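Comments concern the structure below.
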């Protein structure tokens, strides 16, 4: 018997990945599955790779049977009520959605276009990037978005140490299509994605304020970031290339020292001077960081690779859950990926 | 401490997959790694997804340190000497290559174009398709090829039961590119594979005699098979569509009964009446079989899906190793895949 | 000024391809564009590759301005009324849809599940496979489906010459995703298609009766075909692998003679003994056929490759239009493809 | 009869694309084909999509038969001698390689690591970016690299007009695999590319000096650029996302005015405020530019999309050839692409 975990939003990609990880977790078990429009359908119909399971998805408002931990993988705006109820019932809540990532309700409103439904609760949440934020002891964890995960792990140590300037940062990132979620839309049809690349949300993507805020809360210094995500024709994987101007006199060795201080003990972050490929991390909870210095322009160029559904979503959620429940940080997770 | 396993040919795709599976196996451990041209290089350079391991590959003739079990993932013709030496030293040998799959040296010569180097040893080997051949107690196991695995699991029960005629069988199969191995060649360049499909080895592919022989040895009836493999633009996955003429009076329910008898207890084979997709099995050791009857022509159409590197190679090898060493058949293996 | 052509269903893939081809045609011009749900939208918004054109799509019932030729690229069931009106107005009608491919209304009903709305008109239509059916002089042309095009070009000469038996034919075919049309559906999302293959419509696909009927009308001999289409992760291209039992004494040279007789003068069909790849024909109006004899089983294995949107749809439609209007068969078409 | 054109390096991707374009050109014809290691082989074997042509490739030093124009698509370092000989014989030379793109031999040596073999000849060459450099009257044209084409078209007008600052420019670009050429290497195997992205040549790619030099020669202002190319899993297409700091008071409307002045008459460059996708241009000679202003940071973000083999290589070469020979700039080229 393991820690009893409920998964809300089990029909989507992140939800399916949560079930895959928890089913294989040595100290956790899925005690409840729920979804919105897929309520009533068997899990194996939605996620045939999970072995044809006949476990049925419940509706979101069904009795969850008092789980010890609840994972929410819901669209933004959908977690508030549910999170409050679950927390009131004593469950630890790990939210993979966007509702609780900002401490400041004004920032939420500016970013998501509507007032936060429970502004008073936001300070109860810890931002679940465990390499840079202590989550032990928390009862409510807001798991970062995929782009902010890859970017903040690359950028925050540099900004925090003063190795780079905080303005004029450029983050240019590439994501596989699973990052757009599972709902069927014209923009993610095979015919619209294969053999093509595109930038999207130029200047307007909601992960920019999140990554600025994350770096600010972690380091006390708010960076000014230009962020452009791109959609590339692959299922999984996310690569962020981060450009920041070096402070005077800072060189590659200094940057490596900064990262060594930040991640020396981290089981899932590796920093080197080689350019990482997303297929080296797909399937794993790793973040691989490659560090370069562009001498002619005095720029740090840092390339950060994750699996958007693992370290960028479900894996990081489990990592946080391990820490808040006192388990080994790496329980049920792996630094080993799939390839080819 | 687990059973000490040596992996020969650790630089290729099947070799990498063996290391991935054995590293995660609860009762087995990699005690020795060897390769031909990659000898001397660190494992993590060849397989960065394995977590940047610094374990070094030895040459094929280095002292393997008396492993209890040896996995050979070598090109055909390369296993003979090594297998004999390892067996002589008392190791259980599991060969993923083609050298020991035939019992009849004449069939080997007709198929591979040169006499078998150790014809006398062939009868010492068991064909490692554990759902249909008993491997318990064996000390030398020849793991089937990827196409013969998917095909034989679909075809042998039908031929053996007399539900279908043994002549006029057509096997039309599709494979991801990893099935062609890792060596760099023009035919498997991205530019030659993406956005295209092709048939190859029409009428001449070496897996045809293997699947005919496998069915013959399992059922006592030798089928006549036309086999056409196709290369499709994906990394992993193999789908075989098998056509066989139904015996008089045989219908879908009869076919399902035959499969139920054959695979009722098998942890990795599932049979249904739905068309399986390769992504439902990629990453798992499953074989998913979908059964159809084409009434107008009296034909059984059976679609069989596997991950060519797992059930079609390394996973099946571990499954056999589990059985010959008395472990649970499913130890270190999973029926759960990756998706998306 | 060229022949004035109207395109109905201009919003889909086949419709867009028609516009691309006619815009570049030396003796034809697009005089009218219409669509169903996309009526009112500019062409360049639906097909940005067509150069950002501001030509607007009209509704299907708008006045088409008396085109000399009308191309219909509509879902099945949608062409009847429109085709009749256009024909009454004196236009030549080339229908890329399924409504007029059968001469026998009973076959239509058995295949499409509802009575044909204009059964009396079916005999007015010519099946537009110009290498095997004379279309000169026709005023109504029903362009074959993509699978029947590739299959019938491979199979009909062999059946018609008696080189192969007409029963026990297996057609196993692979298609890129554009063959499923442009409408947004879960089954054709990138997440559902990339890195996977699947069979679909096993035993029930509507192109099986069409190809049986096509061969029958062309040769007088009705074959019995088992047909399994597969979806593969690529945008364009279709490969059909056709298996038929050789008549006694027939060998490869005989098959080549049969094809030489059939296609000696055809500008778009090439027959050889090499296995064609779909990327060799993508973008062109070619059909490449590779012929093999499987000696052990006495089977002809014929591999046929086309671009499903060109020779399998829009290109063949233009080829037919050229012939019925007395233009050069190849006007505006090319045997040269795109690669990589 | 058209202008007689020789193609040197006809075996590669750019060479094949040149043949495809010239074969379809109304006023140009391929009079000679040559290659290095592929000399003696038929064109149709190397480029099966070109219709099975039996034209044979000559060796590079064979008599080219006095072509009026010669296209060189050779590795860097291989064009010098040949270009000099051809020019001496009176041929117009259009070099798609890197040897003649710099005016300054020192810059060539710094970039390519060896002294230029014909430093004195460099000033005879015109940089073939015809929208920004006049090529009429030239007899030697050096066609830009693919990344410099997309980048310079986006950046030069902004730098030249003073709308953006010339330092602190970031160019983050994505390329399909054909950009790496056709030679078989491990890094471009399907197994190494599909389902993955990577940055490469971080800080060291040779196209960075080229794009800095191109902007400098066109505008008189030398920008400082950080450039990171990425390899993405697609055959064709290139997307450059260019970040530059806006000069005080400059807004989106100003940027659009600048581009309108630069490209108002250009048949192949279109500028808008929408994010272009590479599939909108693949197959065409277009460059689509999407312009954005990031208000919070005062940054111009410009996304530029081309087909790397057409506008980024062979198409641009033909465009230049048209201009230097007095033909219509767009002869044999098309602004219309392929999609899907």
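Chains as they are written, first to last, in the working numbering: chain A, 44 to 383; chain B, 44 to 383; chain C, 44 to 383; chain D, 44 to 383. Glycine is no exception: its CB is placed at the ideal position from the N, C-alpha and C atoms. Since we're looking at a predicted model, the values are computed, not measured.
May I ask you to report which of helix, strand or coil DSSP gives residue i?
i	result
residue 311/C	coil
residue 382/C	coil
residue 215/D	strand
residue 48/C	strand
residue 96/D	coil
residue 91/C	helix
residue 178/A	coil
residue 361/D	helix
residue 157/C	coil
residue 261/D	helix
residue 162/C	helix
For residue i, I'd like the list of residues in its chain whose CB is within less than 6 Å of its CB, leaving aside the five on either flank, ordered along the chain.
i	result
residue 242/D	271, 273
Chain A partners of residue i, CB-CB under 8 Å?
i	result
residue 247/C	Those do not exist, as residue 247/C stays about 21 Å from chain A at its closest Cβ, beyond 8 Å.
What number of angstroms, rounded off, separates the C-alpha of residue i from the C-alpha of residue j?
i	j	result
residue 381/B	residue 93/A	8 Å
residue 124/D	residue 285/D	36 Å
residue 121/C	residue 139/C	11 Å
residue 364/C	residue 165/C	19 Å
residue 66/A	residue 96/A	11 Å
residue 289/D	residue 157/D	37 Å
residue 86/B	residue 98/B	6 Å
residue 201/D	residue 301/D	7 Å
residue 281/D	residue 192/A	27 Å
residue 144/A	residue 187/A	7 Å
residue 190/A	residue 216/A	7 Å
residue 224/C	residue 56/C	6 Å
residue 350/A	residue 330/A	8 Å
residue 128/B	residue 305/B	36 Å
residue 278/B	residue 233/D	8 Å
residue 155/B	residue 339/A	58 Å
residue 114/B	residue 252/A	52 Å
residue 379/B	residue 91/A	9 Å
residue 171/B	residue 153/C	47 Å
residue 80/D	residue 89/D	12 Å
residue 342/B	residue 266/C	15 Å
residue 323/A	residue 373/A	18 Å
Going along the chain, which residues of its own chain have a beta-carbon closer than 8 Å to the beta-carbon of residue i, five neighbours each way excluded?
i	result
residue 77/A	49, 50, 51, 52, 53, 100, 101, 102, 103, 105, 107
Which chain A residues sit within Cβ distance under 7 Å of residue i?
i	result
residue 344/D	245, 246, 269, 271
residue 221/D	The premise fails here: residue 221/D is roughly 11 Å from chain A at the closest Cβ pair, so nothing lies under 7 Å.
residue 337/D	246, 269
What residues from chain D crowd round residue i, counting only those whose CB sits closer than 7 Å?
i	result
residue 95/C	313
residue 63/A	Within 7 Å Cβ-Cβ: nothing; residue 63/A doesn't reach chain D, min ~18 Å.
Is the closest heavy atom of the ligand SAM to the C-beta of residue i under 7 Å?
i	result
residue 217/A	This structure does not include the ligand SAM; it has no bound ligands of any sort.
Which chain C residues are close to residue i, counting only those with a beta carbon under 7 Å from its beta carbon?
i	result
residue 215/B	215, 284
How would you list, in chain order, the residues of chain B whose beta-carbon sits under 8 Å from the beta-carbon of residue i?
i	result
residue 382/A	59, 90, 91, 92
Can you name, in chain order, every residue of its own chain whose Cβ lies under 7 Å from the Cβ of residue i, other than the five neighbours on each side?
i	result
residue 317/A	333
residue 204/A	301
Name the chain D residues that come within less than 8 Å of residue i, Cβ to Cβ?
i	result
residue 326/C	92, 326, 381
Ranges of the beta strand (DSSP E) found wholly within the region 120 to 144 of chain A, counting only runs of at least 3: 135 to 138
Length-filtered (4 minimum) alpha helix (DSSP H) runs lying within the region 269 to 356 of chain B: 295 to 306
Sequence ranges, alpha helix (DSSP H) only - wholly within the region 184 to 252 of chain C, length at least 4: 189 to 203, 233 to 236
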